[in-house]
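Notes follow once the structure below has been shown.
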Amino acid sequence: MIELKNIEKYYSNKGVKNYVLRHVSTTIKKGEFVSIMGPSGAGKSTLLNILGMLEEPTYGTYEFLGEDVTTLNERKRIELYRNHIGFVFQAYHLIDEMTVYENIEAPLLYKKIGGSERTSRIANLLDRFNIVAKKDLFPNQLSGGQQQLVGIARALAAQPSVILADEPTGNLQSAQAEEIMQLFQKLNQEDGITIIQVTHSEKNATYGNRILHIADGVIKDDVQLTGAKAI
Amino acid sequence: MFKLNLKIAWRNLWKNKVYAAINIGGLALGLTAFVLMLLYINHEESYDSWTPDLENVFQIREKHDFFTPDNKEHWQEATDSRMASLVRENIPQAVAVTKVDQDWEWSAGYSVKVDGADPILVKQIKDADSSFFSVFNYQFLHGSAEAALSTPKSIVVKESIALKLFGTDKVLGKTVKLLIWRSDPGQMFTITGVVKEPKTPQSVSFNAIIRTGEQDHDPENISNRHFCQVYAKMNGPMDSTALNKTLQSVYVNFKKAAFAKEKRNYKDIYKNGNTPGLSALKISDVHANPTLKLSWKDKLKPIVGISIFLLLVSVINFVNLATAQSVQRAKEVGVKKILGSYKGQLLTQFLLESAMQSMVSLFLCVVLVEMVLPAFNQNFNVSLSFWYNPQLFIMIVQLLTLFVLVTLLAGFYPSWILSNYNPVSVLKGNYENGLKGIALRNILVVFQFVISVTFIIAIGVMYQQTKYVSNKDLGFEKGNLVNIKSNYEEKFAERLRTVPGVKYIATSTQVMGNVFNTPEVITYKENKIPVNSVTVTMDALQALGVQVMQGRLFSKDYKQDTANSVVINASAAKLIDKNPVGKTYDLLRDDRKYTFQIVGVIKDYHNEGFDKAVMPTIYKVTHLGGMSTTNNMLVRLDAANSGEIIKKIEAEWRFLYPDYPMTYTSMNDAFDKILEDNNRFVNMIVLFSLVSVSLSLLGLFALSTFVAKRRTREIAVRKVLGASNIQIVNLLNKSFLILVVVANLISWPIAYILIKKWLDGFAYRIDMPVIPFLLATLVSIVIAVLTVSIQARKAAVTDPVNALKYE
């Protein structure tokens, strides 16, 4: 589903190239749950941004669903966001002026999904994440874990094929973090959603079935986890 | 989506209530000034548009030097009555030509007497010939256009006058008695028509049209002229350039023939730069191009400029605040972009938000306009209305256009900035973009302050000039002096002299509020000197209380005073001789030479506004060499209980002239009237300045809040490093202070040029003062520092831990 060939990313500063990523080539198949790990400044987030088409690589090719998306015009990229990619952030990034319900509804509105279908999908998600009672609250009235649940619900609303998560539990306490990771695993295993997450935590990485270790912009290790954690 | 965006917009406004209020309120203020002006312009533009028929109606204008205040040739609405037949005979397209009385602004009007009722004065009763209603297609409620003026001694009244006189509009066939002045025996007129007031104002306005018969013929003697206004209706649309060309050549031929009959040389008359001229002006253009005075467009120009500036200031506030605020919305933009929103969708969303705000401003503005209209109407002597405006539809279209314009002007830039945010950097918490607009915002703040400082300087100078003018020695005593609108009549004067408290009864052709100048060219020691000549009675100069500089005033003790003595004013003395008393000069009139002796010199006294210099003038009692009279009867009263005395004078008047009410003005009122226009302008500048300055301050206040907020982390770091609160306040102040100082430097020359221009409009003015400039700078800096400090202090005293905790 995702194929990276020889991805490089560098910033030029007064003629000096500062490499963030070098020779990154990998394939991620549909249904995988990949964790990208590595020390600070290794290039994890940049890689995720490139996967999410938020940044363009300086060199190399990126194929998404068999289509070359290395350079894409805005309109096409937005189409992909609407239909195939869901983002989850460390800082949740819910829109403060919108209620829980409205936050989840927003991507559906962009996707132009009809009113009744929208209502049922949102109801479904609220129900599934146990946040029905919170639907009319604003983000700042929720705890961090609850906010992240809403963030994930929002990412799922458009029924994407892949979820890109940048340290989804970085701001959470461990109990809440565990809850979120279990949710991810469930989504991956039961709904077959491809998940790619950036994480610092070894423990979080064990919820997935593959780990990419990155250091200094290079993939050092590509580990397949066989014995996935039982749910 | 739309509904959700609307909700978000509302929640955002609510979250930033104070700034939203500043934004919307400021914009509403700016809009109000603009809409008021728009109303006024619409009103002025609507003149003579009440019937499509007027497309083909032209006013005939002649170039001559009669009635002009400066005794020079001007295009005038009052033309020789012969122009009517000239047009009728030489322009085949003219289907109807009418002659009608000109507006006599100083006239008290006709006294109208209906049987058994007290006489009332009605202004704007105009004498016309029988074709008036063939040219002007008024709607007759009773009677008909064809028959109305077919016989002399008929009168056609407007509906309102019929109601005022009789209480009903069914007045056909009734008679009224009209008196044009107090000793007029009066004439009886029969009402032959009642016309409806047209929807829009008219430049040939009237309360009633009468046909006395005077307008039916031209004077028999070719050297006599009767002045009136001439209007011609053409059989269809006509090109005025071609028409004017024909008129000009017809006129030149006519003049040549006329001068030949008078045995005068055509070339002699037009030798000193004067040229003959006759032209036609579409009636729809008449109101915008008055003769001998400023047109409303010229009068309005500074106000148009000011109100556009005000609107700009408020729009700038809007732009500044919205861009500053955009940082708050950055996350929303970033998130929406990755959720799949197009840039265009975001742009629309933010434009809709500004549209929402400007819509609210517009509603507020309509409310404000309704509230201030009465005061506005009073100040500008108009009767405008918003909801009952005949052009309400046009007005609404204009408002909608204004709404779209303001929304785009105010909303486009911030929306553009917002929708361009890069989601990656924004979601990382990097608001570099928020700083991008800072240069533009600074420019806008400078621009606002340039306007405000210019206003403050203008107020200062205007205040000084106004003070100078109102305290200026007029050269005569304006207190306890009244001017009765009446010709001087010895019989009446004699009776008044017996009233205790009346010191002088006199007349002069030159009294503030009603001046009639007669140009003369005198010969003194072979030099030809153009002067202005004024006819007075023996004690007129004493009654006015003028100041004698040399020689004496007229007196009954000198027999020659009624023969050939004159008194001159200082300006005339400058032209004639330094020590003119006792000297003589000659006046040539109708091939005869008259000799006059100068017996005194008086100080120049003002009889017109301070925009006009006092003319070199010769005062004479004698009829020698021609004289004139006007409706002035000066009464100098004893200082004590002048009200009582005036009542007694009125009683005397009623005894002599029961059919004509007495009207008078005090010289104090006449003087106030002269200052009125200027004071009105100054008041408006003061008002506008207040609005502009407060708008700029609001903008600065809000902007400094945002800057302080955005620099929270910097401030915290500095505090941790050991900066004191004062140092932090100074830090924030400095960045704004530079802007204000730059604004001051820019506004000085601008203010200087504009105010110089305004001062130049006065013949008597102060020198350009320096103090207002310094004061304006000081004031602007002090209030800017105060405004910023309030916010800066808040930022300075916050605990740095809070600011540094995040990230």
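First to last, the protein sequences are chains L and Z.
Read in the UniProt record's numbering, the first sequence has 226 at position 226, and its numbers run on one by one without any break.
Read in the UniProt record's numbering, the second sequence has 737 at position 737, and its numbers run on one by one without any break.
No residue lacks a Cβ here, since even glycine has one placed at the ideal position from N, Cα and C.
All figures in this text were calculated on a predicted structure; none of them were measured in a lab.
Span of the alpha helix (DSSP H), counted from its first residue to its last, around residue i
| i | result |
| --- | --- |
| residue 653(Z) | 642-656 |
| residue 245(Z) | 240-262 |
| residue 296(Z) | 296-339 |
| residue 46(L) | 44-51 |
| residue 137(L) | Residue 137(L) -> no alpha helix (DSSP H), and no H or E assigned at all. |
| residue 81(L) | 74-83 |
Outcome for residue i when other beta-carbon atoms lying within 10 angstroms are tallied against a minimum of 16
| i | result |
| --- | --- |
| residue 443(Z) | exposed |
| residue 807(Z) | Here residue 807(Z) scores only 42 on pLDDT, less than 50, and its place in the model is too uncertain to base an answer on. |
| residue 387(Z) | exposed |
| residue 143(L) | exposed |
| residue 54(Z) | buried |
| residue 125(L) | buried |
| residue 2(Z) | exposed |
| residue 713(Z) | exposed |
| residue 251(Z) | buried |
| residue 7(L) | buried |
| residue 38(L) | buried |
| residue 441(Z) | buried |
| residue 826(Z) | Not covered by the structure: residue 826(Z). The range shown for chain Z is 1 to 807. |
| residue 786(Z) | exposed |
| residue 231(Z) | buried |
| residue 263(L) | This structure cannot settle anything about residue 263(L), because the visible part of chain L is limited to 1 through 231. |
| residue 532(Z) | buried |
| residue 797(Z) | exposed |
Span of the beta strand (DSSP E), counted from its first residue to its last, around residue i
| i | result |
| --- | --- |
| residue 37(L) | 33-37 |
| residue 811(Z) | Because chain Z is modelled from 1 through 807, residue 811(Z) falls outside the range shown and cannot be assessed. |
| residue 531(Z) | 527-535 |
| residue 22(Z) | Note, residue 22(Z): premise wrong, no beta strand (DSSP E); alpha helix (DSSP H) at 17-45. |
| residue 799(Z) | Counting along the chain, residue 799(Z) falls outside any beta strand (DSSP E), and DSSP gives it neither H nor E. |
| residue 75(Z) | 74-76 |
| residue 519(Z) | 518-524 |
| residue 120(Z) | 120-122 |
| residue 220(L) | 218-224 |
| residue 13(L) | 2-13 |
| residue 483(Z) | 481-484 |
Beta-carbon gap between residue i and residue j smaller than 8 Å
| i | j | result |
| --- | --- | --- |
| residue 426(Z) | residue 331(Z) | yes |
| residue 225(L) | residue 51(L) | no |
| residue 319(Z) | residue 237(Z) | no |
| residue 27(L) | residue 3(L) | yes |
| residue 482(Z) | residue 183(Z) | no |
| residue 564(Z) | residue 596(Z) | yes |
| residue 140(L) | residue 191(L) | no |
| residue 179(L) | residue 200(L) | no |
| residue 200(Z) | residue 385(Z) | no |
| residue 246(Z) | residue 91(Z) | yes |
| residue 172(L) | residue 208(L) | no |
| residue 313(Z) | residue 696(Z) | yes |
Residue i Cβ short of 7 Å to the ligand ATP heavy atom set
| i | result |
| --- | --- |
| residue 549(Z) | Inclusion of the ligand ATP in the displayed structure is not the case, the ligand content being empty and no account of it being possible. |
Cβ-based contacts, 8 Å cut-off: residues of the segment 41-64 of chain L near chain Z
49, 52, 54 and 55
Three Cβ pairs or more, each shorter than 8 Å: is that satisfied between the segment 116-130 of chain L and the segment 146-161 of chain L?
yes
Name the residues in the segment 76-104 of chain L whose C-beta lies less than 7 Å from a C-beta of chain Z; which are they?
78, 81, 82, 87, 89, 93, 95, 97, 98 and 102
At least 3 beta-carbon pairs within less than 8 Å: the segment 19-38 of chain Z vs the segment 357-373 of chain Z:
yes
Does the structure place the segment 585-598 of chain Z close enough to the segment 512-528 of chain Z that three or more beta carbon pairs sit under 8 Å?
yes
Would you list, in chain order, the members of the segment 107-121 of chain L that have their beta-carbon closer than 7 Å to a beta-carbon of chain Z?
107, 109, 110 and 111
Within 8 Å, do at least three Cβ pairs link the segment 266-284 of chain Z to the segment 45-65 of chain Z?
yes
Do three or more CB pairs link the segment 321-329 of chain Z to the segment 11-20 of chain Z at distances below 8 Å?
yes
Taking a cut of 9 Å between CB atoms, which residues from the segment 712-732 of chain Z lie near chain L?
none
Flag this pair as touching only if the segment 482-497 of chain Z and the segment 556-574 of chain Z have three or more C-beta atom pairs under 8 Å; answer yes or no.
no
Contact residues within the segment 392-419 of chain Z, judged by C-beta distance below 7 Å to chain L
none
Which residues, in order along the segment 4-22 of chain Z, keep a beta-carbon less than 8 Å from a beta-carbon of chain L?
4, 7, 8, 11, 12 and 15
When Cβ atoms are compared, which residues of the segment 178-190 of chain L fall closer than 9 Å to chain Z?
none
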